[in-house]
Every structure is written in structure tokens, then in C-alpha cells.
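Read in order, the letters of the sequence shown are residues 600 to 1004 in my numbering. We put the CB at the ideal spot given by N, CA and C, even for glycine. Fair warning: this is a prediction, and the values are worked out from it, not measured in the lab. Everything on this sheet refers to the single structure shown next.
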Amino acid sequence: MHTLLRDGLPCAALALALSLNSPASHAAGNEIVLGASVQLTGPVANTGRYYKDAYQLAVDQINRKGGVDVGGKKYTLALKIYDNQSDVNLSVRQYTQLVSRDKVNFLLGPFASNFALADSAVSEKYQIPMVQGGGASDQIFSRGFKYVFGTLAPASNYFGSTIAMLKQLKPVPAQVALLYADDAFDVSVAKGTRPLLEKSGLKTTIDERYSSNASDFNTLLSQIKAKQADAVLVAGHETEILNFIRQAKSLDVSPKFYSFTVGVPSEDFRKALGADAEYAFGMTAWLPSETLKDAWFGDAAQFAKAWGAQYHYEPDYHAASGVADVEAIVKAIEKAGTLDPKAVRGALAASDFQSLYGHIAFADNGQINLDQTVIQVQNGKPAAVFDGSKFLRDAKYPMPDWSKR
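Below, the structure written as C-alpha cells:
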């Protein structure tokens, strides 16, 4: 079952669902309850929904396949999800409620590093494992916490494959601009990107922070044009990237290359921009390949098909990482043979399995490391271009001026 709430109170339309899925029923019977606070409304709800949908699809599929074996006893999974309305303070309160009042067994994460950074302090305080695939900031995993596990690769290396590719492009960009929002994820991206650029010998001509949820990029775009930056690397959230591209077109700012930490893998992003999304580069740690297999969906291609049938939009790496979060908890429970949080935490730390998302093996700090594949929008679709060492197909480079598209 799945309960959706706002501000810790049930939506009227879901009152019946709440009565069927009350805290008392969570603690009884053969249910394992996974709790999360996710952005279902507010500025980042467009990406937050991936996690709600991923958790639900994974729970439903695992239950269909027989549920969870705990020391020879069968359990079913249940979800309890709150809408944090894209408010980090509300999210912390909701996670506190999940563990202290609702008594959920284990925690799944929110979207975005600043949320995961704050919310994981709750899991650490109460010593309830949280597996999250929405926060990649190195800050989350640098505090010595033992109860948070992450299925996104370190933010500090998000542009690693991109920079390796830049060195192989002809002509190599002479001037690079690095732009990043002032939240935990994007600051980590920038901090890790600077030494990568320096080591590669690429000249950084602009290194600027902007406010999260910014809507006006005119000043930064004017700098890019004035300093003739050939390549632009932008760390931000999807709405910011959409604003950046639209204003770049409006001001006729046409670098040879631009790449974004988010957006390009997303169907909604490409639909929002239409033809203007063409040529944009991004990165992803996941593509729906038949070679990525798991115990419940079969493989990533079958998962993507099931996702499309259920939700009528394409999954991206956010979706796959969310499913991997649920799978990691289930694997750990079955390995531990108990629902004891400390025992499951130990089994999570020792995780070593193949999922439809990729190889799940957490480092000592609780984070996995997956290589980023450089992708580019080509003919309206994200095409895999560079795997970190070699080209998988030709990059469309340099990008044509807006006036020539």
C-alpha cells in the first residue's frame, strides 16, 4: 500500500487509504514499511516525482515476485510517502515523524543534495538506515555518518568524462566557463571540476556561482559572450537549465559547446525546449541497456518498458537509482535475515550485487561510484557519445549559431 500526505496530514481524497495504512497496521503483520519525504509539489517536483514513482514501481514489482524473505518468513513491502513541497525544513520534520511516530522500518531518500544532507541527519540520529539516490554531494558522505547510503556517483566527478572528451574534440575549446548554483550538489560539482580542468590544461575564463532557482541568466550570458567562452559547463537544476538555454537563444549567445548536469536525460526537458534542446550535452550513469539485469524486472530495458506503461513518460537515471535504493534495502534485509536496523545497516555496507541500475557496492563512506557517460541531444533523443575514454559516436560539435539552426 502507499499513503501520500502533505504537512503530516492526509489529503482528503486519500483519507480511506490512510485508514487502511495507519501507523498501527505498519507495526503489525507481515509488512515492511519504507518511508520517504519527496518533492511532489514546489519548484523541483518535476524531478521529485521520479522518486515517488520509482519507489512505488519497485515495491509493487517486488511484492508481485513474492515479497521479501526474512529468515524464512515472507513479508510484503509498503510505502509511506510525505510531500515535502520542496521545503527542506518540512522534509526534516517529516523524516523525524516517519521514524519517531510512524515507526517505519527503513528510509528512502528525497531528491536533491541539500535535502539529503539535512534529512540523513535524522537517519543517523535514530540509527535507521536511509538509502537515497537523489543526493550526490560529497558533503553528504564526508561527515562519517554510518546510516546513509547513496546510489549516485560523487558530484565532484560529474564532469569528469565531459572534460576528458573536451580534450579530444577538434578544435579543443580554448576558453571554458564554469557556472554553478549555490546548493550542496552544485557547489560539490564545481569544487571537483576546477582541478579536473586545471589538470587537463583547459583554461577557465569564467567561474561564477548563481542563486538556486535563478530565472535571470542575462548577466552571465553576457559575460560568456564578452569573454568568448567556447565551452560552458553548468551545474544546476532543470528549471534553471531551461531558463539558461532559452535566454541564450534570446541573446544569441552561441558557444561551441555546452553541457549540463541535469536535463538532457529527461524527456520533459527535451519536450519543453523542442528543437532548441538539440546539441545540448549532459551526462548519465544509466541507460536502459539489456545488459543491466536484476532479480525482479529482468533487465533495464524491460524495466524501462514497464515504467513507460505505468507512468507514460520515460525513465532516466533518477528513476533507475530510485529503484536501486529499494532493491538495496531488500537485498540487505534478506542477507541479514532480520529487520533489526543495525544488522540491516551492516548488510547494506557489505552490498555487492548487480541491479538494473548498475553494480551496487558502497564505499566506506556509503556512496557508490559509477562512470558517467556523456550524452548529447541528437535528433530529439539523448545519444551516448563518450564513455570516459573513447567516443561511442560522433559528437555534433561545434554547435551552430542560433541564427543558423
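Just so you know, the alpha carbons of N645 and F710 end up roughly 10 Å apart. Its chain contains I805 as the residues whose beta carbon lies nearer than 6 Å to that of Q822, once the 5 sequence neighbours on both sides are disregarded; these appear in chain order. Along the stretch 751–830, the alpha helix (DSSP H) occurs as fully enclosed runs of 4 or more residues at 759–765, 783–799, 817–825, listed in sequence order. Selection A735, A919, L707, L832 evaluated against S722 yields L707 as nearest (Cα-Cα). Here S636 is buried, its C-beta having at least 16 other C-beta atoms within 10 Å. Bridge partners of P981 according to DSSP: V976. Distance check between P981 and each of G862, G921, K934, S988 places G862 closest, using alpha-carbon atoms only.
In this structure A919 does not touch A894 by the C-beta definition: roughly 15 Å separates them, more than the 8 Å allowed.
Short of 6 Å from the beta carbon of F705, and not among the five residues preceding or following it, lie these beta carbons of its own chain, in chain order: L633, P728, I928. CA-CA distance, S858 to T937, rounds to 45 Å.
In this structure, A871 sits near L841, with a CB-CB distance shorter than 9 Å. Burial is judged here by how many other beta carbons sit within 10 angstroms of a residue's own beta carbon; G670 has fewer than 16 and is exposed.
Going by beta carbons, L716 and S736 fall inside the 9 Å limit. CA-to-CA, the gap between Q977 and P772 works out to about 21 Å. For the options L697, A834, G835, L819, the alpha carbon positioned closest to that of A828 is the one of L819. Counting C-beta pairs with one atom in each stretch, the stretch 960–978 and the stretch 737–747 have three or more that are closer than 8 Å, which means they touch. A contact is defined here as three or more CB-CB pairs under 8 Å, and the stretch 900–907 fails this definition with respect to the stretch 981–993.
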